[in-house]
Amino acid sequence: MNTNSDNKNGVATAMNSCGDKAPAVKKPELVVGAGDMEKLKVAAHFGADSIYCGASDFSLRAKGRNFSRDELAYAADYLHKLGRKIYITVNAIMHEDRLDDLDDYLLFLDSINADAVIFSDMAVLSAARRL
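For the sequence shown, our numbering begins at 567 and goes up steadily by one.
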């Protein structure tokens with residue numbers, strides 16, 4: 567049993583109560599939203615584990631600043647080279663006339679290796695599973 571009494575931060579106490587194996591502690595993921603490339607780069611620079619963003623086609627922030635497809639492709643490549651993840655918001659309400667465009671967009675997100683899709687309409691989940 568570990569009885570290191572020199573440790574002042576409580577790790578030795580925790581190890582004593584659990585035997586020699588300290589309980590595994592999972593580090594929380596720091597997820598930050600970015601409305602443009604500059605904010606994305608700042609978030610990555612200051613330690614965000616993953617960054618979420620979206621394109622105006624399928625975002626509830628249609629009037630706000632969003633990313634073009636070219637910018638999303640660049641952002642995914644940029645973040646992956648830094649060991650970070652990119653999550654894409656697809657949170658607009660999907661109407662029947664937009665489903666073909668949605669399929670195309672989800673295939674695009676797959677092609678840039680988006681790490682996750684954040685959605686609010688179950689039609690997005692259905693389309694993603696179908697593809």
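Every residue gets a Cβ at the ideal spot worked out from N, C-alpha and C, and that includes glycine.
What residues in its chain sit with their C-beta under 8 angstroms from that of residue i, if we drop five residues either side in the sequence?
i: GLY576; result: Confidence is the limiting factor: at GLY576 the pLDDT is only 46, short of 50, which leaves the residue's position unreliable and the question unanswerable from this model.
i: ILE617; result: VAL597, VAL598, GLY599, ALA600, LEU606, ALA609, ALA610, ALA641, LEU645, ARG650, LYS651, ILE652, TYR653
i: LEU665; result: ALA689, ALA693
Using the Cβ count rule (16 or more neighbours within 10 Å means buried), how would you classify residue i?
i: GLY620; result: buried
i: MET688; result: exposed
i: ILE659; result: exposed
i: SER686; result: exposed
Excluding the 5 residues preceding and the 5 following residue i in the sequence, name in chain order all residues of the same chain whose CB lies nearer than 6 angstroms to its CB.
i: ALA639; result: ILE678
i: VAL683; result: ILE654, VAL656
i: ASP643; result: none
Contact check, residue i vs residue j under 8 angstroms by CB: the rounded distance?
i: LEU672; j: ALA693; result: 6 angstroms
i: ASP615; j: LYS651; result: 7 angstroms
i: ASP623; j: ASP667; result: 7 angstroms
i: ASP669; j: LEU697; result: 6 angstroms
Relative to the alpha-carbon of residue i, which residue among the options has its alpha-carbon at the smallest distance?
i: SER634; options: LEU648, THR655, LYS647; result: THR655
i: HIS646; options: ASP602, ASP681, VAL608, VAL591; result: ASP681
i: LEU648; options: LEU665, PHE612, PRO594, VAL683; result: PHE612
i: GLU604; options: GLU637, ALA590, PRO589; result: GLU637
Between residue i and the rest of its own chain, which residues show a CB-CB distance below 7 angstroms, the 5 nearest in sequence each way excluded?
i: SER625; result: ASN632, THR655, ASN657, ALA658
i: GLU595; result: ASP615, SER616
i: LEU691; result: PHE685
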